[in-house]
Amino acid sequence: MAKYWNEEIECMSREDMTALQNEKLVKQVRHVWDNVPYYKKLMKEKGVTPDDIKSIDDLHKLPFLKKDDLRECYPYGLLAVPLKDCVRIQSTSGTTGKRVVAFYTQHDVDLWEDCCARAITAAGGTSEDVCQVAYGYGLFTGGAGLHGGSHKVGCLTLPMSSGNTERQIQFMRDLGSTILCCTPSYAAYIGETLKEMGLTPDDINLKAGIFGAEPWTEEMRQEIEKSLGLKAYDIFGLTETSGPGVAFECCEQNGMHINEDHFIAEIIDPDTGEVLPEGTKGELVFTSLDKEAFPLLRYRTRDICVLSKGKCSCGRTLIKMTKPMGRSDDMLIIKGVNVFPSQIETVLLKDFNATPNYQIVVDRVGNSDTFEIKVELTEDMHTDTIKSIELLEKKLSADIKQILGIKAKITLCEPKSIPRSEGKAVRVIDKRKVYNN
Ligand code: DLL
């Protein structure tokens, strides 16, 4: 059984990897400078030109790129090739201005799918496998990425997308799926449904699961492994860097190998931007080395983790990142969807015409996220008829669904019932324990 998808790269000596990264970085910086005026301006402001970047030791001289820059440049401002050379876009959910839209040339799609093929192979996948892809298909990168990787490996690919859980289980049984790709919370839900249908892991044929797109704990891993009778592997990525497959777990199930031939990872202090030594907890920053269409340099992910170069028993020499341990911004991942509290505030402002007092309450019941928005009525509204209050609730609910793509329970509360704060308002109460800390 093939242990690696690309042994030469995955087990490359540090010396050779550094040489490869040096060569690619120099080219990539030149490509960005020549084709992305926005980043050229940032480089000029920092007093750096492509001539200053001779190796990865010079990486720290380059300016950071942040989500705000992506917003400012929406949609085409960071594109580094003519639009006619692009063959695909993928995107995060959210309002137009908050959306991240990533562009791909055919080369970029190949590179991305190759990263996913490495992840599937590391989880034991071969052309003998039946790979059920239950990540969402569409603009979200989960479905497309794992689908492409599964094709590359030669698995029989079941493009299920998410949802319709009983049908997922039916297909799993009828076609003998051996690999399941979906979010960890959906995997847990499939496990619960299996049990509710009176079935056990012996009734299905899964051996491995490739789960990511949201934080999940070791406890959850054990629960999923038990309920579905498989080995659960983590996979990491973000739309900005192509999607899933930037990093993946191997048989050690102890941190994710970063595909360093395509992405350089740095850890920085989120407050000062200073680069931190290996082994220190901080914010993960990625530089994509050979993406053509959307080549982000020093992109701040806001994910907090630790990097380590230690030897891995799987034989891979690729640096490892821990599971993310938190975020350095206020982004929440609810039901697999990235949610910024400011998006909710925008809807409330629109529907209420004034800054309302509100609170976002997120919890986990069983393995599913619950999402409630408590909104305080103003004195005027409070005296309105029940009918008009119900209408408001409905409108809020529909507007939230439209903006975020997920439903929230709207609870309208009495005036002055949401606790006031003397400092920063506590807008988010997240009762879930999703990060391993
Ligand atoms: O979630 C890409 C993906 C799809 C990854 C399928 C893995 C599997 P975005 O929607 O842009 O992309 O969200 C990216 O999700 O910055 C992390 O905060 C979080 N995230 C992704 N993978 C993991 C993971 C996809 N394995 C954001 N563990 C990232 C914890 C994760 N958080």
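Residues are numbered in my numbering as their position in the sequence shown, beginning at 1, plus a constant of 31. Note that CB positions come from ideal geometry on N, CA and C, so glycine has one too. Fair warning: this is a prediction, and the values are worked out from it, not measured in the lab.
query: Does DSSP put A133 in a helix, in a strand, or in coil?
result: Here A133 sits in strand by DSSP.
- prompt: Ends of the alpha helix (DSSP H) at M287?
  reply: M287 -> not in any alpha helix (DSSP H); beta strand (DSSP E) instead, spanning 287 to 289.
query: Should V459 be counted as a contact of the ligand DLL given a C-beta to heavy atom distance under 7 Å?
result: For V459, the CB stays at least 7 Å from every heavy atom of the ligand DLL.
- prompt: In whole angstroms, what is the alpha-carbon distance linking E445 and E249?
  reply: About 40 Å.
task: Using DSSP bridges, identify the partner residues of V459.
output: Residue pairing by DSSP puts V459 in a beta bridge opposite I391.
query: Taking the DSSP output, what are the residues bridged to I335?
result: Bridge partners of I335: E314, G357.
- prompt: If you run the structure through DSSP and keep just helix, strand and coil, what is R283?
  reply: Per the sequence shown, residue 283 should be read as Glu rather than Arg. The three-state secondary structure of E283, taken from DSSP, is coil.
- request: Give every residue of the same chain whose Cβ lies closer than 7 Å to the Cβ of I87, excluding the five residues on either side of it in the sequence, and list them in chain order.
  value: Spatial neighbours of I87 in its own chain (CB-CB distance under 7 Å, excluding positions within 5 residues in sequence) are listed in chain order as T49, Q52, N53, L56, I295.
- request: Can you tell me which of I40, C42, E41, W64 puts its alpha carbon nearest to the alpha carbon of P326?
  value: Per the Cα distances, W64.
- request: For E297, name the three-state secondary structure that DSSP assigns.
  value: Note: E297 maps to strand in three-state DSSP.
query: Do the stretch 207 to 216 and the stretch 249 to 266 make contact, defined as three or more Cβ pairs closer than 8 Å?
result: Enough Cβ pairs lie closer than 8 Å, so yes.
message: If I measure Cβ to Cβ from S158 and keep anything under 6 Å in the same chain, skipping five residues before and after, which residues do I get?
response: Excluding positions up to five away in sequence, the list reads G185.
Best match in S192, D234, A219 for proximity to D205 [C-alpha to C-alpha]: With distances taken between Cα atoms, D205 lies closest to D234.
- request: Would you mind giving the Cβ-Cβ distance between L15 and I298, rounded to the nearest angstrom? I have them listed as a contact below 8 Å.
  value: Outside the shown range of the chain (32 to 468) lies residue 15, about which nothing can therefore be said.
- request: Inspect the beta-carbon positions of R347 and H288 and report whether they are closer than 8 Å.
  value: Yes, these two residues count as a Cβ contact at 8 Å.
Span of the beta strand (DSSP E) around V368: Residues 368 to 370.
message: Taking 8 Å as the cut-off, does the stretch 100 to 112 touch the stretch 60 to 75 (at least 3 CB pairs, one atom from each stretch)?
response: Contact between the stretch 60 to 75 and the stretch 100 to 112 is present, because at least three Cβ pairs lie under 8 Å.
message: Could you tell me the alpha carbon to alpha carbon distance between D83 and E309, rounded to whole angstroms?
response: Between the C-alpha atoms of D83 and E309 there is a straight-line separation of about 24 Å.
- prompt: Less than 7 Å between the CB of A150 and some heavy atom of the ligand DLL, yes or no?
  reply: Checking every heavy atom of the ligand DLL against the Cβ of A150, none is found closer than 7 Å.
- prompt: Would the beta-carbon of K354 be found less than 7 Å away from any heavy atom of the ligand DLL?
  reply: Yes, the ligand DLL has a heavy atom inside 7 Å of this Cβ.
query: My guess is that R458 and Y389 are in contact by the Cβ rule of under 8 Å, so how many angstroms apart are they, rounded?
result: Yes, R458 and Y389 are in contact; Cβ-Cβ is about 7 Å, under 8 Å.
query: If you drop the 5 nearest sequence neighbours on each side, which residues of the same chain put their C-beta closer than 6 Å to that of L187?
result: V161.
- request: State yes or no: is the C-beta of V79 within less than 8 Å of the C-beta of K92?
  value: Contact check for V79 against K92 passes: the beta carbons are separated by less than 8 Å.
- prompt: With C-beta atoms as the reference, is V406 less than 8 Å away from L363?
  reply: By the CB criterion at 8 Å, V406 and L363 fall outside the cutoff.
- prompt: Is D400 near the ligand DLL, judged by its Cβ being under 7 Å from some heavy atom?
  reply: Not so, every heavy atom of the ligand DLL lies at least 7 Å from the Cβ.
message: For L90 and L307, what's the separation of their Cα atoms in angstroms?
response: Going from the Cα of L90 to the Cα of L307 covers about 13 Å.
- request: Apply the 10 Å Cβ neighbour rule to T311 and answer buried if 16 or more other Cβ atoms are within range, or exposed otherwise.
  value: By the neighbour-count rule (16 or more Cβ atoms within 10 Å), T311 is not buried but exposed.
query: Going by the CB atoms, is the gap between F267 and M352 shorter than 8 Å?
result: Pairing M352 with F267 gives a Cβ-Cβ distance under 8 Å.
Bridge partner(s) assigned by DSSP for I437: Residue pairing of I437 in beta bridges, as defined by DSSP: absent, with no partner found.
query: Helix, strand or coil: which one does DSSP assign to I255?
result: The answer is helix: DSSP assigns I255 an H, G or I state.
field: Selection from I335, N290, F279 that minimises the alpha carbon distance to P301
entry: Checked all of I335, N290, F279; the closest Cα to P301 is I335.
- request: Using the Cα positions of V60 and E323, report the straight-line distance between them to the nearest angstrom.
  value: Our two residues, V60 and E323, have alpha carbons roughly 11 Å apart in a direct line.
message: Quick check on the burial criterion: 16 or more other C-beta atoms within 10 angstroms. Buried or exposed for R451?
response: The residue in question, R451, is exposed, as its Cβ has fewer than 16 Cβ neighbours within 10 Å.
Closest residue to T209 among E245, L259, M74 (Cα-Cα distance): It is L259.
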